[in-house]
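*Asks:*
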Amino acid sequence: MILIRKEFSIKSHSRVEVINIDHYIASSIQEHQINEGICTVFVPHTTAAVTINENADPDVMRDINMELNKIIPFADGYHHVEGNSAAHIKSTLVGASEQIFIEDGRLKLGTWQSVFFCEFDGPRTRKVWLQFMVS
Ligand code: ZN
8 MILIRKEFSI
18 KSHSRVEVIN
28 IDHYIASSIQ
38 EHQINEGICT
48 VFVPHTTAAV
58 TINENADPDV
68 MRDINMELNK
78 IIPFADGYHH
88 VEGNSAAHIK
98 STLVGASEQI
108 FIEDGRLKLG
118 TWQSVFFCEF
128 DGPRTRKVWL
138 QFMVS
């Protein structure tokens, strides 16, 4: 088994934003000519996350953020002095990593699925770590 690690930067432009990162992962798979394996996507931030959901209708991710903003208000008497507790809570709920199979040189996602970086405390420049396990 071989491990390949990659890192890329991503720039968010608003406080809450979802960014499709399929092409970053696909270009790393191509660059290293990976045919079969497992890709782990890891977001090393406490106020951001990664998730997999629908890519066809952008309103799906918009609705997810709309509901997250309702159940986790930006201000709610939080104790954390930095003032971004809502972003920390969303990060924990959505999660810091995803794992996807690679088959025939491509991410094996469902027809309507994409990998989304989730910004909850932007705008900022963020990092995303990829680790490929290649057999
Ligand atoms: Zn904080």
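In our numbering, the protein residues as written are 8 to 142.
Idealized CB from N, CA, C, for every residue including glycine.
Under 8 Å between the Cβ atoms of Ile45 and Met140?
*Replies:* On the sequence shown, residue 45 is found 38 positions in, with the first residue counted as 1. On the sequence shown, residue 140 is found 133 positions in, with the first residue counted as 1. Result yes, Cβ atoms of Ile45 and Met140 sit closer than 8 Å.
*Asks:* Between which two residues does the alpha helix (DSSP H) holding Ala33 run?
*Replies:* Your numbering for residue 33 matches position 26 in the sequence shown. Residues 29-38.
*Asks:* Hey, Asp111 and Asn62: beta-carbon distance below 8 Å or not?
*Replies:* Taking the sequence shown and counting its residues from 1, one reaches residue 111 at position 104. Taking the sequence shown and counting its residues from 1, one reaches residue 62 at position 55. Cβ atoms of Asp111 and Asn62: not closer than 8 Å.
*Asks:* Excluding five sequence neighbours on each side, which residues of the same chain lie with their C-beta closer than 6 Å to the C-beta of Phe15?
*Replies:* The residue given as residue 15 occupies position 8 in the sequence shown. Answer for Phe15: Tyr31, Val135, listed in chain order.
*Asks:* Which runs of the alpha helix (DSSP H), 4 residues or longer, sit entirely within the segment 60-99?
*Replies:* As far as the segment 60-99 is concerned, its whole alpha helix (DSSP H) runs of at least 4 residues are 65-78.
*Asks:* Does DSSP put Val23 in a helix, in a strand, or in coil?
*Replies:* On the sequence shown, position 16 is the one that residue 23 refers to. It is coil, neither helix nor strand.
*Asks:* When every heavy atom of the ligand ZN is checked, does at least one fall within less than 7 Å of the C-beta of Glu126?
*Replies:* In the sequence shown, the residue the question calls residue 126 occupies position 119. Answer for Glu126: no, Cβ out of range of the ligand ZN.
*Asks:* Suppose you measure from the CA of Pro51 to the CA of Arg69; what does that come to, to the nearest Å?
*Replies:* In the sequence shown, the residue the question calls residue 51 occupies position 44. In the sequence shown, the residue the question calls residue 69 occupies position 62. Distance between the alpha carbons of Pro51 and Arg69: 23 Å.
*Asks:* Is Thr54 near the ligand ZN, judged by its Cβ being under 7 Å from some heavy atom?
*Replies:* Within the sequence shown, residue 54 is the residue found at index 47, counting from 1. Thr54 Cβ: within cutoff of the ligand ZN.
*Asks:* Tell me, please, which residues DSSP counts as bridged to Met140.
*Replies:* By one-based count along the sequence shown, residue 140 stands at place 133. Bridge partners of Met140: Leu10, Ile45.
*Asks:* Look up Val101 in the DSSP assignment and say whether it is helix, strand or coil.
*Replies:* Along the sequence shown, one-based indexing puts residue 101 at 94. Three-state DSSP puts Val101 in a helix.
*Asks:* In whole angstroms, what is the alpha-carbon distance linking Thr58 and Lys97?
*Replies:* Numbered from its first residue, the sequence shown carries residue 58 at position 51. Numbered from its first residue, the sequence shown carries residue 97 at position 90. Computed Cα separation, rounded: 12 Å.
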